[in-house]
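Read top to bottom, the protein sequences are chains A and B. Counting in the working numbering, the first sequence runs from 9 upward without gaps. Counting in the working numbering, the second sequence runs from 9 upward without gaps. C-beta: ideal position from N, C-alpha, C; glycine also. No experiment lies behind these values; they were computed from the predicted model shown. Notes follow once the structure below has been shown.
2 protein chains.
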Amino acid sequence: MHELIFKYLSSCSTSSLTEKDMELMRNTFVSKKMRKRQYFLQEGDVCKHFAFIVKGAMRQYTVDDKGIEHFVQLSIENYWAGDRESFATFTPSIYNIDAWEDTELLLITRTDFLNLLDSIPGVAEMVRKLDEKDFIFAQRRLKALISLTAEKRFAEFESSNPEFNRRFPQHIIASYLGVTNVTLSRVRKQAMKKYSLPVIS
Amino acid sequence: MHELIFKYLSSCSTSSLTEKDMELMRNTFVSKKMRKRQYFLQEGDVCKHFAFIVKGAMRQYTVDDKGIEHFVQLSIENYWAGDRESFATFTPSIYNIDAWEDTELLLITRTDFLNLLDSIPGVAEMVRKLDEKDFIFAQRRLKALISLTAEKRFAEFESSNPEFNRRFPQHIIASYLGVTNVTLSRVRKQAMKKYSLPVIS
DNA sequence: CGCGGGTTTGATGATGCTCAAGCCCGGTGG
DNA sequence: CCACCGGGCTTGAGCATCATCAAACCCGCG
């Protein structure tokens with residue numbers, strides 16, 4: 009169960025984990041299974057745990073006054089799920105997070121997370137790199153949202169996130185890209201016509 | 009010159025700086041003055057330095073095929089400027105960064121930055137917290153872009169970033185919010201009418 | 001005074017949204 | 001086996017929002 013997170017850690021840090029480190033991590037990360045559609049976090053609750061995804065897929069979203077869901081974050085195995093804002097500040101979350109597939113998680117609390125940062129150098133390094141990557145990713149997405157049309161945003165998404173594109177249905181991708189499912193449908197049709205390359209299903 | 013960054017550091021870290029730390033920082037952060045409109049980074053160049061803003065204001069943007077500027081990041085004193093993607097990966101930047109006011113910076117190179125992270129605990133802590141804050145901020149902005157209308161985005165921006173709103177002209181704010189200056193002008197007019205509260209200038 | 005940068009306003013058009021209907025397909029139960 | 005159902009995708013018609021283009025205005029500054 010914990011093997012994948014060890015592998016993940018060693019893949020993104022230079023210093024390797026000692027047996028003691030692994031023991032510590034086995035004791036702090038609690039495993040949890042979630043069924044498809046099961047809530048991990050609901051709007052108004054404080055995000056007490058952050059989750060490493062061992063297997064499956066999760067979605068993070070808000071619901072607006074019209075009841076429409078807007079997906080701010082999608083994640084699959086070897087990524088993380090949780091609301092960082094609520095997790096860091098202990099304030100009620102404005103997001104919902106649920107499983108989109110049957111999912112296996114490894115949970116950690118805020119205090120355990122902070123302890124781990126101090127006690128395992130590899131973890132600190134991983135977190136720093138992860139934060140860097142996440143910020144760069146968010147910045148790219150922001151740039152796309154303020155400067156590109158729906159069509160170009162989708163093209164970019166498709167080419168740089170093929171896995172997400174495969175794992176999540178179109179209406180979720182659409183929302184993630186800031187358009188409706190109807191618009192994305194038309195956009196894809198246009199794109200297909202233009203390059204006469206049917207999208208691989 | 010370096011005093012402000014010491015103050016900044018101590019404001020966001022628990023461990024305090026030793027005299028030796030400060031000496032080290034004085035030697036690694038190089039100060040630089042920039043005139044309004046002077047480039048700090050141009051598209052295609054690698055971002056060799058990250059900059060702490062002691063005084064002034066900077067803007068980071070892309071220029072699309074039609075020659076329109078899209079502002080992805082605005083920053084003022086006590087914030088940072090630089091393209092993290094290029095800085096971290098040594099790849100050519102897709103952004104331009106320039107000074108919007110006469111500005112004083114403290115520059116640091118990537119290797120010096122990584123060294124500092126290892127040698128001063130307060131710096132590591134600051135970076136971690138900064139990354140957390142930046143990510144949360146980016147996430148909020150993403151959420152606003154995919155789920156709110158131009159009017160609501162502006163209202164949110166105005167209330168949570170009054171300083172930016174004061175320091176940057178409207179057409180820059182507009183671009184930052186993902187709309188044209190023309191649209192923002194109309195949106196503000198509507199908002200004024202609605203609340204019969206003239207925006208403080 | 002005239003210039004440049006920024007903002008406002010109007011007219012027009014494109015892009016993307018809403019609503020509604022129909023289709024496709026996999027799963028369930030008679 | 002087939003009928004039905006639900007979720008997801010597509011398509012069309014009409015509409016709202018926002019972009020574009022162009023003109024005018026405002027104001028600080030040389």
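Chain-ordered, the chain A residues with CB closer than 7 angstroms to the CB of T70(B) read K151 and S155.
Going by DSSP, I116(B) is part of the beta strand (DSSP E) stretching over T111 to T117. Of the other Cβ atoms in all chains shown, fewer than 16 fall within 10 Å of the Cβ of L122(A); this residue is therefore exposed.
Linking R161(A) to K151(A) through their CA atoms gives a straight-line distance of about 10 angstroms.
By the C-beta density criterion, D139(B) is buried, having at least 16 other C-beta atoms within 10 angstroms. R67(A) has L82(A) and D106(A) as its beta-bridge partners, per DSSP. Closer than 7 angstroms at the C-beta level to chain B, one finds these residues of the stretch 91-110 of chain A: R92, E93 and A96. If you compare the alpha carbons of E51(A), F95(A), F165(A) and F172(A) with that of F58(A), the shortest gap goes to F95(A). The count of Cβ pairs closer than 8 angstroms, one atom from the stretch 78-96 of chain A and one from the stretch 36-44 of chain A, stays below three, leaving the stretches out of contact. DSSP places V135(B) in the uninterrupted alpha helix (DSSP H) bounded by P129 to S155. Buried is the label assigned to G186(B), since at least 16 other Cβ atoms lie within 10 Å of its Cβ.
Taking 9 angstroms as the cut-off between beta carbons, the residues of the stretch 167-198 of chain B near chain A are S183, Y184, L185, G186 and V187, in sequence order. When beta bridges are read from the DSSP output, M42(B) appears opposite T111(B).
Nearest in C-alpha terms to A107(B), of all of G130(B), S83(B) and S167(B), is S83(B). In the three-state DSSP reduction, Y184(B) falls in the helix class (H, G or I). Residue environment for F143(B): buried (at least 16 other C-beta atoms within 10 angstroms of its C-beta).
A check of alpha carbon separations from Q198(B) across V131(B), N104(B) and A158(B) identifies A158(B) as the nearest.
Between F79(B) and R67(B), the C-beta gap is smaller than 7 angstroms, which places the two residues in contact.
The three-state reading of DSSP puts P170(A) in helix, counting H, G and I together.
Its chain contains S21 as the residues whose beta carbon lies nearer than 6 angstroms to that of E133(B), once the 5 sequence neighbours on both sides are disregarded; these appear in chain order.
Just so you know, the alpha carbons of R174(B) and I76(B) end up roughly 23 angstroms apart.
Closest in C-alpha terms to I61(A), from the list L156(A), Q178(A), L114(A) and R148(A), comes L114(A). The beta-carbon separation of T117(B) and K63(B), rounded to 21 angstroms, does not stay under the 8 angstroms limit for a contact. Across the stretch 58-87 of chain B, CB contacts with chain A closer than 7 angstroms involve T70, D72, H78 and V80, in sequence order along the chain. Under the 7 angstroms criterion on CB atoms, D142(A) is classed as interfacial with respect to chain B.
Identification of chain A residues near D53(B) by a Cβ-Cβ cut-off of 8 angstroms yields none; the smallest Cβ-Cβ distance measures about 17 angstroms. A straight line joining the alpha-carbon of E31(A) with that of S127(B) spans about 28 angstroms. When secondary structure is reduced to three states using DSSP, I61(B) falls in the strand class.
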